[in-house]
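Encoded as structure tokens, the structure appears first; notes follow it.
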Amino acid sequence: MTTRTHAERMLDVRTIFHEPDIESYPRGAEILARFPDAERVPVLSHQAIPGLYGNEGNVEDWVRNKREVLVLGVKKSLSARPNGRSSDFIAPSTSNGCAMACSYCYVPRRKGYANPITAFVNIEKILGYLERHAGRQGPKTVPNQCDPVDLVYDLGENGDCSVDALFSDNVRDLVDLYARLDGAKASFATKFVNRDLLDWDPRGGTRVRFSLMPEEMSKRLDLRTSRIADRIAAIDDFVEAGYEVHLNFSPVVVHEDWKAEWAELLEQVADGIGDKAKAQLACEVILLTHNEQLHEVNLGWHPKGEEQLWRPDLQQRKRSESGQENVRYKVAWKRRWVDELVGMIGETLPTCRVRYAF
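Residue numbers for the sequence shown, in the UniProt record's numbering: 1 to 358.
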């Protein structure tokens, strides 16, 4: 399947909500020109769009809004937040939301009943901020789990960069930036194989983290994403193109047969990638955290998925720092399950370093 076919399936933008004067930004004008037939609806803020966010009736159109709606805004506040798990810093987002529809995604928890892509058009300001920030840090002096040499900046905390690259050059600009920055590396997780990225020149400055879970579970929960087999098949190609490629084993959804499914997935990875990819491979392991508000939203558009995600018999409540009611697997069981999966990775993919697991 070609990227063009993927793009046509993923995005058929018919309505663009945009902040005032968005066409005065070169990137804003470029994106608008890509969708000349879309209805343009001016709004005061990308964060408050009447009739889109907070409208309970939109839950029935969850997927349609992701495919047909695009929001353009200006990123107002720029900061690189310290992280220390997947990356040293979380970079300012160049987007928010996604055209894919993974039913466990944490991003829409605060948005309500619609979660299309919001793209930020002041990319020059974001690039300048990131370059100055990296320059102020100086070289990394102590290796850590993020990277032994470079400071790592997570680019895609609130979206999927591979999908964003279908309609905007923001991601390519970021990859080009980190290709030339010494001592700094970009990183993003993705569930979408966009082979257009193979024509870029990352020069080792970008880490692509392909998110993987067992195929059958992915079919239930990873709606509108690339097939697991296609993600595995892309790993060697991305390594050959100059990307560092890691894996996100995430989220790990526990059920009665979960260990057998994960054993099969790990064998698929071991059999599906070459020695060059294996030599540079590392991974993250993240067990599912769900959310009561998102659970209620999901019941309105994909209740079958909640049969796997909402398991009160296995989960306990935990209030997040933002005050939301999350659920996670019971602590004692979760620790054992994490250890079991890490052990399986060590047996099947012995060259794959587990950067962190929780």
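C-beta: ideal position from N, C-alpha, C; glycine also.
For the pair the stretch 97-108 and the stretch 44-54, tell me if three or more CB-CB distances fall below 8 Å. no
With DSSP run on the structure shown, which of helix, strand or coil describes Pro143? coil
Contacts around Glu8, its chain only, beta-carbon distance under 8 Å, and the 5 residues preceding and following it disregarded: none
Output the boundary residues of the beta strand (DSSP E) element that contains Gly73. Val69 to Gly73
Pull up the DSSP beta-bridge partners for Tyr356, would you. Glu284
For Phe358, which residues of its own chain have a beta-carbon under 6 Å away from its beta-carbon, when the five flanking residues on both sides are left out? none
Bridge partner(s) assigned by DSSP for His133: According to DSSP, His133 bridges with nothing at all.
DSSP-derived helix/strand/coil call for Phe35: coil
Go ahead and pull the three-state DSSP assignment for Cys161. helix
Give the DSSP-derived three-state secondary structure of Pro26 in the structure shown. helix
Start-end ranges of the beta strand (DSSP E) lying completely within the stretch 164-194, minimum 3 residues: 184-190
Under the three-state DSSP convention, the category Ala263 falls into: helix
Ser77 burial status per 10 Å Cβ neighbour count (16 or more: buried): exposed
Would you list, in sequence order, the uninterrupted alpha helix (DSSP H) runs of no fewer than 4 residues that lie entirely inside the stretch 194-246? 215-221 and 228-240
Give the single residue among Asp237, Gly274, Gly28 and Pro143 whose Cα lies nearest to the Cα of Asn194. Asp237
Using only the alpha-carbon positions, how far apart do Arg4 and Val331 sit? Only weak support exists for where Arg4 lies, its pLDDT of 49 falling under 50; the value from the coordinates is given anyway. One C-alpha to the other measures close to 45 Å.
Going by the beta-carbon positions, is the gap between Ala165 and Leu197 smaller than 8 Å? yes
For Arg14, which residues from the same chain have a beta carbon less than 6 Å from its beta carbon, with the 5 sequence-adjacent residues on both sides left out? Ala38 and Glu68
Just reading off the beta strand (DSSP E) that Asp275 is part of, what are its end residues? Asp275 -> not in any beta strand (DSSP E); alpha helix (DSSP H) instead, spanning Asp275 to Ala279.
When you compare only the Cα positions, how much space is there between Asp275 and Phe210? 17 Å
Just the Cα atoms here: how many angstroms apart are Leu44 and His290? 32 Å
Just checking my contact of Val152 with Lys191 at CB under 8 Å: how many whole Å lie between their CB atoms? Between Lys191 and Val152 the Cβ distance is about 20 Å, and since that is not below 8 Å, they are no contact.
Can you name the start and end residues of the beta strand (DSSP E) that Gln316 belongs to? Gln315 to Arg319
If Glu131 sits next to Gly73, beta carbons under 8 Å apart, how far is it from one beta carbon to the other, in whole angstroms? Actually they are not in contact, since the Cβ atoms of Glu131 and Gly73 sit about 22 Å apart, beyond 8 Å.
Just the Cα atoms here: how many angstroms apart are Thr94 and Arg317? 32 Å
Using three-state DSSP, classify Asn122 as helix, strand or coil. coil
Where does the unbroken beta strand (DSSP E) through Arg335 begin, and where does it stop? Note, Arg335: premise wrong, no beta strand (DSSP E); alpha helix (DSSP H) at Val331 to Thr348.
Using the beta-carbon count (16 or more within 10 Å), is Arg335 buried or exposed? exposed
Cα-Cα separation, Asn170 to Ile273: 29 Å
Do you know offhand how far Val208's Cα is from Glu240's? 13 Å
Local Cβ density within 10 Å of Met1, reported as buried at 16 or more and exposed below that: For Met1, the predicted structure reports a pLDDT of 41, less than 50, and the residue's modelled location is therefore unreliable. A value from the coordinates is still provided. Looking at its Cβ environment, which holds fewer than 16 other Cβ atoms inside 10 Å, Met1 is exposed.
Between which two residues does the alpha helix (DSSP H) containing His295 stretch? Glu292 to Leu299
Exposed or buried, what is Lys66 when buried is set at 16 or more other beta-carbons lying within 10 Å of its beta-carbon? buried
Could you check if Asn115 is buried or exposed, using at least 16 other CB atoms within 10 Å of its CB as the buried criterion? buried
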